[in-house]
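Chemist: Next up is a structure, given as structure tokens.
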Amino acid sequence: VTLHIDNLSGNNAHHIAETVFKAFGRAVRMALAADPRMQGLMPSTKGSL
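Quick note: the sequence shown uses the numbering used here, first residue 1391, plus one each step.
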């Protein structure tokens, strides 16, 4: 995985690190969540590319 994080503000390194990990965790959770619209269907990119 190549990950680029742009920190736009902050002075305290501890708080900056916290926000980076929290944002990354939320993004991963959203990316891996099951899509309720696809319930019961086989995951495929057919017709979307």
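In this text, a Cβ means the ideal position worked out from N, Cα and C, and glycines have one as well.
Just so it is clear, the structure is predicted and the values come from calculations on it, not from any experiment.
Helix, strand or coil: how does DSSP classify His-1394 here?
Modeler: Three-state DSSP puts His-1394 in coil, outside helix and strand.
Chemist: Taking a contact to mean a Cβ-Cβ separation below 9 Å, would you say Ile-1406 touches Gly-1415 in this structure?
Modeler: In this structure, Gly-1415 does not lie closer than 9 Å to Ile-1406 by Cβ.
Chemist: Is the CB-CB distance between Ile-1395 and Val-1410 below 9 Å?
Modeler: For Ile-1395 and Val-1410, yes; Cβs fall inside 9 Å.
Chemist: Among residues of its own chain, excluding the 5 on either side of Asn-1397, which ones have a beta-carbon nearer than 8 Å to its beta-carbon?
Modeler: Same-chain partners within the cutoff: Ile-1406, Thr-1409, Val-1410.
Chemist: From Gly-1430 to Ala-1424, what does the alpha carbon distance come to, in whole angstroms?
Modeler: Approximately 11 Å between the Cα atoms of the pair.
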